[in-house]
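Reviewing the structure listed below.
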Amino acid sequence: MSTNLKLLNTRDRFGLVSRFFHWTLAVLIFGMVALGVYMVGLTYYDPWYNRSEVIHKAVGIVGATLVLAKLVWSWFSPLPDHEPGLRPWERMAAGVVQRILVGLMIVMPVSGYIVSTSAGAPVDLFGLAQVPALLPKWVWLRDAAIQVHFVSVYGGMALALLHAAAALKHHFINQDNTLRRMTWG
Ligand code: HEM
8 MSTNLKLLNT RDRFGLVSRF FHWTLAVLIF GMVALGVYMV GLTYYDPWYN
58 RSEVIHKAVG IVGATLVLAK LVWSWFSPLP DHEPGLRPWE RMAAGVVQRI
108 LVGLMIVMPV SGYIVSTSAG APVDLFGLAQ VPALLPKWVW LRDAAIQVHF
158 VSVYGGMALA LLHAAAALKH HFINQDNTLR RMTWG
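In this note's numbering, the protein residues as written are 8 to 192.
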């Protein structure tokens with residue numbers, strides 16, 4: 008089978024499943040941030056005021072589930088070695104940024120869930136199911152979760168853009184396999 012179609016990661020490239028998680032989550036995260044920024048700019052009387060919030064919460068739960076599945080998968084299929092030719096500081100920087108991004112992918116939806124359920128209401132999943140509110144209605148917890156949600160989202164965006172810029176720099180300037188092994192190349 009072509010190395011592009013392998014499900015599992017190999018020592019030198021990402022398998023289909025990891026690539027699916029990476030690109031689905033990247034699109035979902037950028038989309039959720041865009042929706043979130045749009046949402047907080049709306050006034051109470053805008054028809055999208057409630058709708059956008061309902062979508063943001065439901066997609067957030069879907070994203071959190073995907074992140075969980077991605078973590079379980081990376082336990083079965085360990086990440087490839089770094090691209091050969093990277094300098095030691097580049098390996099270290101890539102590893103640290105990727106770990107922080109994974110951490111933020113957990114912090115973003117968890118803090119969002121705490122804010123969403125802080126009044127005791129469950130999160131509706133497209134009318135198909137509900138995720139119950141499990142935590143006590145502490146005001147300090149809600150306030151802390153709001154701060155954490157904003158800082159993790161904006162910090163995560165800055166880091167994700169840096170990470171994407173580094174991948175593009177390796178592709179177009181260094182012309183190595185960094186981006187190819189996460190895509191079809
Ligand atoms: C257009 C945007 C993006 C590009 C071009 C891109 C590119 C890449 C590439 C080329 C790799 C493989 C690096 C290696 O060989 O070690 C990678 C890995 C990774 N990326 Fe991205 N990425 C983007 C967006 C994101 C976003 C938004 C996140 C999360 C917030 C993210 C999180 C990760 C993580 C955690 C890894 C490590 C592998 C894994 O755990 O699946 N990336 N990315």
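Cβ atoms here follow ideal geometry from the backbone N, Cα and C, with glycine treated the same way.
If you look at LEU132, you'll find it in the beta strand (DSSP E) that goes 130-132.
Distances between the C-beta of MET112 and the heavy atoms of the ligand HEM include at least one below 7 Å. ALA71 is not bridged by DSSP to any residue.
A check of alpha carbon separations from LEU168 across PHE37, LEU12 and PHE27 identifies PHE37 as the nearest. By the Cβ test, the stretch 75-83 is not in contact with the stretch 140-155, since fewer than three Cβ pairs between them sit closer than 8 Å. Looking at the DSSP output, GLN137 shares a beta bridge with ASP131. Contact between the stretch 119-130 and the stretch 90-107 is absent: fewer than three C-beta pairs spanning the two stretches fall below 8 Å.
As the crow flies, the alpha-carbon of LEU166 is around 7 Å from that of VAL104. The residue among VAL44, THR50, LEU86 and TYR45 with its C-alpha nearest the C-alpha of HIS29 is LEU86.
Straight-line spacing of the CA atoms in PRO143 and LEU14 works out to 42 Å.
A contact between stretches requires three or more CB pairs, one per stretch, nearer than 8 Å, and the stretch 107-116 meets this requirement with the stretch 157-166. It is roughly 20 Å from the alpha-carbon of ILE121 to the alpha-carbon of TYR56.
In this structure, ARG26 places its C-beta atom within 8 Å of the C-beta atom of MET189.
Sixteen is the threshold: when 16 or more other Cβ atoms of the shown chains lie within 10 Å of the Cβ of GLY119, as they do, the residue is buried. The alpha-carbon of TYR51 is positioned some 20 Å away from that of VAL40. In terms of CA proximity to VAL138, THR124 leads the group GLY102, ARG149 and THR124. In terms of side-chain proximity, the C-beta atom of GLY162 is found no nearer than 7 Å to any non-hydrogen atom of the ligand HEM.
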